[in-house]
Ligand SMILES: [Zn+2]
Ligand SMILES: [Zn+2]
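Residue numbers (this note's numbering): 249 to 588.
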């Protein structure tokens, strides 16, 4: 068909070629520049009003694609962008679109400059402002909270929050504070603290207690509370050497409502109900178990150097025990036992 206006032979819209039909208008337009915020702290990007994780390239391209303005009747079916860095903060981006106009396939391209601006997302501004809704207090029953339990719980909480926050940006750890007798973790969410207190209680056989404190009112008059979840570790911990009913055991497992005990005498495994576990007396905490140098090994025995007297002595060891240069021992009333 010939264009009725310019006479060019081309497919026509209402008798006009596409140029004459558009009459100087563009199929797509982009603003001269697009400003995109990047959180200076966590490096997430703000796109269409929401903070999200993106690679820089994806974020820049999305920012340009999100700002396409299409001519009224154009239906865009496909769009992609290609970015070229001018410097660290400015990218020139070309956007290519394919679409349909009055039933005819059309293509168009346009360009803009995406400018990266420093910002702070809400999560980081809260975190930097020490915002918290709940405190998770880790304490010990009687003796001081051991370093390994303290580090273990903090690592557990960090790992869980890292996992949970990948789908919920509101969850974060504001602060870890070592305090007299334990450690406090300040958390951004009450439900998060409650969940973690429950999980730690199950893992360590710990008691939990909660307390709330009114800290004010929101603008619409709702009371605001800050919660405290106390996780009190029992006197015993996993892998401690304990005395129970006059015999020495390794506390080799803690499950819901039950403890697993391995008798040092013969490595026989038995279980004890949670309600009776308070009868166990800790003989050697798990992080204070002695290591002895193994001199040689024969059937059913290992010869070790006593770590204090340096005397050579025989200790009964099961044949399948995995022992190298050292092994864990416990000395109970003058008798040295192998600790599995
Ligand atoms: Zn024409
Ligand atoms: Zn941030």
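Glycine included, each C-beta is placed from N, C-alpha and C at the ideal position.
Run the CB neighbour count on residue i, radius 10 Å, all protein chains shown included, and call it buried at 16 or more, exposed below.
i           : result
residue 582 : exposed
residue 472 : exposed
residue 431 : buried
residue 250 : exposed
residue 257 : exposed
residue 560 : exposed
residue 252 : exposed
residue 577 : buried
residue 381 : buried
residue 463 : exposed
residue 347 : buried
residue 445 : buried
residue 353 : exposed
residue 543 : exposed
residue 452 : buried
residue 437 : buried
residue 303 : exposed
residue 427 : exposed
residue 532 : buried
residue 329 : buried
residue 401 : buried
residue 337 : exposed
residue 461 : exposed
residue 301 : exposed
residue 325 : exposed
residue 504 : exposed
Just checking my contact of residue i with residue j at CB under 8 Å: how many whole Å lie between their CB atoms?
i           : j           : result
residue 313 : residue 343 : 6 Å
residue 287 : residue 367 : 6 Å
residue 454 : residue 482 : 6 Å
residue 512 : residue 587 : 7 Å
residue 530 : residue 484 : 5 Å
residue 566 : residue 515 : 6 Å
residue 395 : residue 535 : 7 Å
residue 311 : residue 362 : 5 Å
residue 315 : residue 360 : 7 Å
Comparing C-alpha positions only, which one of the options sits nearest to residue i?
i           : options            : result
residue 443 : 425, 475, 423      : 475
residue 308 : 463, 520, 327, 364 : 364
residue 340 : 500, 279, 477, 548 : 279
residue 435 : 429, 446, 418      : 418
residue 369 : 304, 338, 292, 362 : 292
residue 305 : 281, 321, 331      : 331
residue 449 : 252, 585, 397, 261 : 397
residue 524 : 506, 543, 387      : 506
residue 545 : 536, 509, 572      : 572
residue 556 : 579, 316, 547      : 579
residue 457 : 585, 446, 477      : 477
residue 480 : 425, 282, 387      : 387
residue 493 : 554, 500, 509      : 509
residue 584 : 401, 407, 553      : 553
residue 528 : 265, 498, 402      : 498
residue 526 : 389, 281, 263      : 389
residue 433 : 404, 411, 460, 461 : 404
residue 283 : 270, 289, 297      : 297
residue 520 : 459, 491, 466      : 491
residue 408 : 264, 447, 469, 270 : 447
residue 270 : 459, 321, 538      : 321
residue 371 : 410, 425, 299      : 299
residue 425 : 439, 383, 415      : 383
Less than 8 Å between the beta carbons of residue i and residue j, yes or no?
i           : j           : result
residue 574 : residue 550 : no
residue 373 : residue 276 : no
residue 502 : residue 496 : no
residue 613 : residue 420 : Absent from the model: residue 613. The displayed extent of the chain is 249 to 588, so no value can be given.
residue 319 : residue 273 : yes
residue 350 : residue 422 : no
residue 333 : residue 392 : no
What runs of the alpha helix (DSSP H), each 4 residues or longer, lie entirely inside the stretch 373-439? Whole alpha helix (DSSP H) segments, 4+ residues: 395-412.
What are the complete beta strand (DSSP E) segments, minimum 3 residues, inside the stretch 431-505? Annotation: the stretch 431-505 contains the following complete segments of the beta strand (DSSP E) (minimum length 3 residues), in chain order: 455-465, 471-481, 489-492, 495-503.
For the stretch 280-308, which segments carrying the beta strand (DSSP E) assignment without a break, of at least 3 residues, lie completely within its bounds, in sequence order? You should have 281-287, 293-295, 298-300.
Extract the residue ranges of the beta strand (DSSP E) inside the stretch 513-551, only unbroken runs of 3 or more that lie entirely within it. As far as the stretch 513-551 is concerned, its whole beta strand (DSSP E) runs of at least 3 residues are 517-521, 529-532, 538-546.
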